[in-house]
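Taking it in order: structure first as structure tokens, then the write-up.
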């Protein structure tokens, strides 16, 4: 039987579906015993966090930052340097990473507040490069390109696995909670038409700042967790190509959808590990995929699945607009 | 593309060998740089060398009747990637040991993983003393170490009675370590030398901004401590700016001169350059060394070079240790390696037990020379040996640039 | 006579490079008035609205609402002060549902989502878009979008509403809905400043009309008189001739 | 004579920056998008030149125009396949124009880099010099002979392009579209065709830059990243879309970096331009030499 679904209803469905995806991931270890592949999933969860944080900023607020990976690098180095210089533990390092990430996010927000489209992209790109170049060249403080060894957080890989998974689920829930309230309306209004949003009384400056800070804080958290898992951070984390990877994940998964980032991250990262055996064609494949999706399936895999689902169970008037 | 096909056939070939010997193969992990920004030419030489050596071993019936299988992972010369690669080789492929490691920063990341999983790691070409200073029992170094050229260069500078020395180092553990090391050695051996080292970004393209000040005030000796491709750019730009080699300034070079693609990338700049060489064709090779050299020449068409010998030594000592310990278990292999006293490609290899600075698990008295190219596109064999194995640095054999 | 200075504009001047889009404009609107703002293209109508709604800073002069300076404030603040507007090129939130388009405006101006929804539905009823409440606004027709944008101004009853060409290029029936909506609000005491090219509509709707030309007020008064004013005719003829 | 050396080398580098930046600026001028694959046009040129000269033994002076055409063709194809949707009936609320442009050109850059890495190989191959003599004495200064000749070619190209854009028929069409797309098309100029021309020209110029520098910076798949980043900085400094501005900014940046890396900091030299870029966008979003555009 068909039901009419409003946007909030659709959001709920998306959220539950994304939790279902995470639930599947939670059961994987039962069949997937190889430590290596479990490690792969952990890393893909790291990317899922970055994808979620970038989707919040670009997909829901329309702020097309090219610096998602940068905040992971910042987070990783925050906890890494605290350990390296002061022997601080993750208990201090991870919260610190979140805070530092958030604060630098505020800074970036202040810088780009008046910028749109290509200007925003260029500025965030420069921001990313500056941070990376500075970290990579402050050899005495950060060991530069050589990277930094970070103490491990959990001995057992399975522990890291479920902790990472739980964090993703938690963040996803938080983002859902934000988006279904008025905040979500404001962010999406800013994405659709910042000028009009201001005219309707939306405090665009305040909400853009929130979006940047929140997204950056999530990025910092992700980077810190990754650093402790990998037990190593290097400026590689902040390379433009890493940002490209995160963006690809979101675009393939579905820009501006709740589930897209997670699906995209897992899919892209796991596939790239599989393709690695075949000798590094993964980036070629993904680049082509991204172009095709951006060109023809603008709502990504998630969008395709959803329109399929709605075409089946839901009356047409809220169906995604890719059709046009 | 072809590279991959090659890799594919290689694996097939090894499976064949495996079936022939009808025994479970001994998996050896090889984390090396096969794509940029890594030192690809290093990675490729090491890859060829290891494949040649593995074939020699397997044709001779393998180890304990089991064939050696190389599992190669491209780490792009990036510490982060190497960490992941070593992790994969150990956890997924279950290799018994790792060989081939090169580029210090990369190896420093790799040995952490090897140490965590307690798997032997044989360092083929990472020079940084820092690697030895960790005192990890899993790590063995048949590779050159920074203190070796540092000592040699200090002696050379002294012999040249140079007053101002500038070292251009890449921003890696290898580069910075050697930059500092040379300074320490100079401080010990000679008095009143104006020494400094400048750190260059190995991914940079244009070094002129750093070089022009040297042009304004030419030092007596410039030492290049970078890896290709950056080293090639640097040498070219040094020459094109008339900084070195020049009538005023000697150009020394630590890790590039004997690369097969050296002359493809360096023109006039290479002429009259003085280089540090852990291997030189005029060195006497062991019988094994000659065999390896021949096989390598046959496979690649290249003349033998130091990386060939370092790489095959790494694999041979491992094979030897497994043979002696009659087991591939980490502890057995490590014990056997520590007890090892065996003639490799260029001389007898032993690993020091002394936990002191660069010495731990290091093949300390490895032979080396200094040589000078006396013409453009000169084959390494025709280059002129300035300091022979076990001899002092002979200034009288040098040709001064005009 | 405080009512007269409900909205007061004095010596307002805006220059783009050399061009003076507004050149010392003076005008006053009383509370509850529905004033037409006409004038040939480039006469400064939209520029005036942009200043009053905070999208443009005047280079000189001032604007007051109930005695309070409003020139130079930003759009958000002005919206909270009850100055709302529509745009000549309609601006809705295309990737949000029709309902959400209204909820944004309501919540942004302080309504709780709970309170905003019934209000929104009632407005949608009024502009007969209720049926489309869950459709993405981006799929509305031009006229529907204009109505939606217009309705969004009334989630909280505004102090003054600035309408920039609400009748431009929309279907006659839509025009009717829009006109009815305006009349009803005006009757309820709402204050409007209405830019339009559509003379008949202005004559029909607006008791009073102000005519701008070349950045200055050339006529201000009872609508029919304004349109019979020689300067106004000349201004329009000039435009026609050009 | 350090100052003189720094000045000369700064200017020389600046000229090459200009070759990159002009194309990027032209593209922004007519489409209001940033081409994040611009560095790969450079890379294509570098390889076209080097491979033609080394493998096919084409004389360098012939390989140069070859590189231009290679870049121009790539530019044309990119415009047809990926950029067209931007203005040819691109109607989707799903993905905004800017977003599409960023994503697609970004992905394109990754694609091209890895294609070359796979099918040509990751090794740097040094492009042959245009002149045999590796270094020449100019008064007191020694300059790399190749750099000198290459920069002369570059100057000629920069000047040529500026004249072309200002006075030629195509140039006037480009300006028209840049100023007012709709107006231009009403006046009978086909914006699509102009975009094609601009992309071809931009691709060609970047490619020649790559070819000219192939002897200095051995081409590797990712060789384009470094000139591209500079070009981004430059078009912002020069005012997005302003050709003259781009040229001036290029020379400024070249000299600034040359001096800055000696007198300020060598390690952080790559941040100078980026920092300036951010500051400029902060205080003058339309760039140093760009003119205002209205919001509503």
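Residue numbers (the working numbering), protein chains in the order written: chain Z, 22 to 345; chain G, 327 to 728; chain H, 2 to 243; chain A, 3 to 298.
Positions of the beta carbon are idealized from the N, C-alpha and C atoms, including for glycine.
Contacts with chain G at 8 Å (Cβ-Cβ) do not include residue 331/Z.
Proximity of residue 223/Z to chain H, defined by a Cβ-Cβ separation below 8 Å, is satisfied.
Nearest in C-alpha terms to residue 71/Z, of all of 50/Z, 47/Z, 51/Z, 96/Z, is 96/Z. A contact between stretches requires three or more CB pairs, one per stretch, nearer than 8 Å, and the region 426-438 of chain G fails this requirement with the region 557-565 of chain G. Nearest CB-CB separation between residue 112/A and chain G: not below the 8 Å threshold. Residue 198/H carries a coil assignment under DSSP once its states are collapsed to helix, strand and coil. Short of 6 Å from the beta carbon of residue 260/A, and not among the five residues preceding or following it, lie these beta carbons of its own chain, in chain order: 8, 11, 12. Counting every other CB atom within 10 Å of its CB across the protein chains shown gives residue 198/Z a total below 16, marking it as exposed. Contact annotation: residue 76/H and residue 98/H have beta-carbon atoms that are not nearer than 8 Å.
For residue 576/G, the enclosing beta strand (DSSP E) stretches over residues 576-579.
According to DSSP, residue pairing for residue 312/Z in a beta bridge does not occur. Residue 499/G and residue 38/Z have their C-alpha atoms roughly 48 Å apart. The beta carbon of residue 502/G sits closer than 7 Å to the beta carbons of 495, 525 from its chain, once the five residues preceding and following it are set aside; these are given in chain order.
When 8 Å is used as the limit between beta carbons, residue 67/H is near no residue of chain Z, the shortest such separation being about 18 Å. Neighbours of residue 97/H in chain Z, taken as residues at a C-beta separation under 8 Å, are given in chain order as 28, 206, 209, 210, 213. Boundaries for residue 423/G: no alpha helix (DSSP H) harbours it, while the beta strand (DSSP E) harbouring it runs 423-428, taken from the DSSP string.
With distances taken between CA atoms, residue 18/H lies nearest to 60/H out of 60/H, 152/H, 7/H, 214/H. The DSSP-derived three-state label of residue 352/G is strand. Flagged as an interface residue toward chain Z: residue 280/A, by a C-beta distance shorter than 8 Å. Taking 8 Å as the threshold, the shortest C-beta distance from residue 252/Z to chain G falls below it.
In the structure shown, the three-state DSSP call for residue 97/Z is helix. DSSP places residue 687/G in the coil class of the three-state scheme, outside both helix and strand. In this structure residue 263/A is buried. Its beta-carbon is surrounded by 16 or more other beta-carbon atoms within 10 angstroms.
When C-beta distances to chain A are compared with 9 Å, the residues of the region 521-546 of chain G below that value are 524, 525, 526, 527, 529, 530, 531, 532, 534, 535, 536, 538, 539, 541, 542, 543, in chain order. Between residue 116/A and chain Z, the shortest Cβ-Cβ separation is below 8 Å. Collapsing the DSSP output to three states places residue 158/H in coil.
If you ignore the 5 residues before and after residue 478/G, its C-beta comes within less than 8 Å of the C-beta of 602, 694, 696, 713, 719, all in its own chain and listed in chain order. Listed by position along chain Z, the residues whose Cβ is nearer than 7 Å to that of residue 560/G form an empty set, because the closest Cβ is around 17 Å away. With respect to the 8 Å criterion, residue 453/G and residue 469/G are classified as neighbours on the basis of their beta carbons. Identification of chain G residues near residue 160/Z by a Cβ-Cβ cut-off of 9 Å yields 497, 502, 525, ordered along the chain. Bridge partners of residue 171/H according to DSSP: none are assigned. Pairing residue 108/A with residue 268/Z gives a Cβ-Cβ distance under 8 Å. Counting only runs of at least 3 residues, the region 24-53 of chain H fully encloses the following beta strand (DSSP E) elements, listed from N- to C-terminal order: 35-39. DSSP, read as helix, strand or coil, puts residue 217/H in strand.
Taking a C-beta cut-off of 7 Å against chain G, none of the residues of the region 86-100 of chain Z qualify. In the three-state reduction of the DSSP assignment, residue 357/G falls in the strand class, which pools E and B.
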